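Quick note: the sequence shown uses full-length UniProt numbering, first residue 1, plus one each step.
For each residue, glycine too, the CB sits at the ideal point set by N, CA and C.
Being a predicted model, the structure only gives us computed values, none of them experimental.
Inspection log for the structure reproduced underneath, given as structure tokens.
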Amino acid sequence: MKEDRETWEKQNMGHGSGSNTVPKPGQGLPGRIPVPVILASQSPSRRSLLLDAGIRPAISVSHVDEDAALDTAAQELGTGPGQIPAPQRVQILADAKAFAVAQVYSNIHAAVLSSTGDIEYCRPFGLDAAGGSGSGSPGSVLTRETLKSYLDAHPGLAASAALYGAGPVIIGSDSLFEISGDIYGKPHTPETARLRLQQMRGVGGVLWTGHTVTDLFTGKVQRAVSKSAVHFADYTDDDIDSYIATGEPLEVAGCFTLEGIGSAFISSVEGSPSGVMGLSIPHVKKLVNSLGLEWRDLWNMAKSRSAQEQGSRDYLSGQDRRAAAEVPDDNITQPGDGWIPCVCGHKHWGLNGAAGVMLVRTDPGTGRPTHIVMQHRAAWSAEGGTWGIPGGALSDGENAVEGALRESWEEAGIPAGDIQVIGAYCEDHGPWSYTTVIAREKPGCRVEPYTRDDESSEILWIPVDKIPDIRLLSAFRHDWPYFSQLIGRLTAEGTHTDTREAGE
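The following block contains the structure:
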């Protein structure tokens, strides 16, 4: 954990990694934008608390091994994991989650800064499709600019630093319930939940919640632990069995919820109610203020909502009306998710556009492309069962390269620090666009992709010559003949560059 913290602090988006690339106030920024907030948790309760406070966060699941984090901390403290007091334990885990996500975003930022090559634009509906005056006929208009020029004009998540000297902000949190000196985490099983609910009946305990708020630009970290006394009512064994049957208590700290079905069994709370729900908003506000930011700087839901947003998203709950009938219950919804009508007559996924990474593996001798990382799309998704590249909707505030790198990590486990962006191709319809970011493995790195979320059934390296033989996503199938030429050219240019640099 200490190593993770030190690593990302050295590579943070500000003074540790090229802060001179951040635009000055007024340079290319459309107006005062909110500071991006990233919640290092997939907890629906924590997300709902921020939504209710006017903040729609991006969600980044840390996938932290909590036992390993506690073991490491115990070794540093010279004690056993079971001897770490509850307040210290929740803070250790909040740190671990926040720093793990901070490292991911720091790696993405570094990969963006090191991008090379050009971005090509294909505008099949004309140059002014966004204004509604596109030709309506697919006559491609091809233009290009350097990726450096694109990134200068679209700083993405780094833009908030020009206005606030901070951002994005990452929030990590963890909760444990303590009763009579025993620490309760998530029960996971009905048997454990039943035993705990019987022990909790008619008595009181303490809900501890650790909070870590980090600023990626400055590398500053602020921490706080909230304490709330929770008193339980007297309930029957039948109540316990019925409550367990709902499934609610199995995956929450202390096996109860203040905002759900379990609220009927809580007689009183002393302290922060939102802390009992997993994230003390008053504590988080103080930590944000300690970073030099105003709480209102994070508000991003006060803007008026367009008919497009209202038609594609239940904005407060964050539930999107996807094309598939069977979306997994735990599917994570991000800012920017939703369908958008397009001048082409179709609806496309991504209110801010979408992007993905085409990661190419090359022959070490010839430099020619041999394989591409491909995603076998989950059956519930649009065009489920087809193959494409890992990608998805851009989150609010992201540029296309950031969004593509984030999506490829979330869906396929592709570490941004192990790849080199060498070009991009954007199909721009005006109100919507999809950017294919082309990358290759860095020298000495070998990426082993894997399925990380519910949007993929499998992630594989597919031989380039086999790609036409598999069932491809319709848009990818249409573009593959051009992509196959493009990646050949880009990887050849990269090989020549590597050779020149090696000679120097």
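C-beta contact flag for residue i and residue j at 7 Å
i, j, result
"residue 176", "residue 105", "no"
"residue 274", "residue 93", "no"
"residue 181", "residue 227", "no"
"residue 223", "residue 212", "yes"
"residue 205", "residue 230", "yes"
"residue 183", "residue 86", "yes"
"residue 210", "residue 91", "yes"
"residue 244", "residue 190", "yes"
"residue 411", "residue 156", "no"
"residue 431", "residue 371", "no"
"residue 334", "residue 158", "no"
"residue 460", "residue 37", "no"
"residue 108", "residue 402", "yes"
"residue 352", "residue 338", "no"
Residue i versus the options, residue with shortest Cα-Cα distance
i, options, result
"residue 409", "391, 257, 397 and 157", "391"
"residue 519", "371, 150 and 445", "What is shown of the chain runs 1 to 504, which leaves residue 519 out entirely."
"residue 395", "407, 387 and 385", "407"
"residue 483", "379, 360, 222 and 454", "360"
"residue 405", "174, 445, 354 and 491", "354"
"residue 387", "333, 467 and 452", "467"
"residue 166", "201, 221 and 267", "221"
"residue 475", "164, 39 and 426", "426"
"residue 366", "333, 242 and 489", "489"
"residue 276", "437, 375, 174 and 298", "174"
"residue 374", "293, 344 and 477", "477"
"residue 123", "401, 463, 433 and 464", "433"
"residue 164", "35, 289 and 147", "35"
"residue 147", "246, 435 and 260", "435"
"residue 178", "154, 203 and 188", "203"
"residue 153", "338, 119 and 492", "119"
Buried versus exposed, by CB contacts within 10 Å (16 or more), residue i
i, result
"residue 171", "buried"
"residue 255", "buried"
"residue 258", "buried"
"residue 485", "exposed"
"residue 450", "exposed"
"residue 487", "buried"
"residue 364", "exposed"
"residue 356", "buried"
"residue 283", "buried"
"residue 263", "exposed"
"residue 502", "Because the pLDDT at residue 502 is just 39, under 50, the model does not fix this residue reliably, and the value given afterwards should be weighed accordingly. Its Cβ having fewer than 16 others within 10 Å, residue 502 is exposed."
"residue 267", "exposed"
"residue 481", "exposed"
"residue 448", "exposed"
"residue 379", "exposed"
"residue 294", "exposed"
"residue 100", "buried"
"residue 491", "buried"
"residue 52", "exposed"
"residue 453", "buried"
"residue 95", "buried"
"residue 362", "buried"
Any chance the region 75-85 sits against the region 41-50, with 3 or more Cβ pairs inside 8 Å? no
Should the region 439-452 be called in touch with the region 411-428, which here means at least 3 C-beta pairs below 8 Å? yes
Would you list, in sequence order, the uninterrupted alpha helix (DSSP H) runs of no fewer than 4 residues that lie entirely inside the region 194-262? For the region 194-262, whole alpha helix (DSSP H) runs of length 4 or above, ordered along the chain, are 237-245.
Just list the beta strand (DSSP E) runs in the UniProt domain "Nudix hydrolase" (350-487), keeping only unbroken ones of 3 residues or longer that don't cross its boundaries, in chain order. If we require 3 residues or more, the beta strand (DSSP E) runs fully inside the UniProt domain "Nudix hydrolase" (350-487) come out as 354-362, 369-377, 391-393, 419-428, 433-441 and 456-463.
Would you say the region 241-255 touches the region 113-123, given that touching needs at least three Cβ pairs under 8 Å? no
Segments assigned beta strand (DSSP E), at least 3 residues, entirely inside the region 134-177: 142-146
Along the chain, which unbroken stretches of the alpha helix (DSSP H) at least 4 residues long are found entirely within the region 260-303? 273-276 and 281-290
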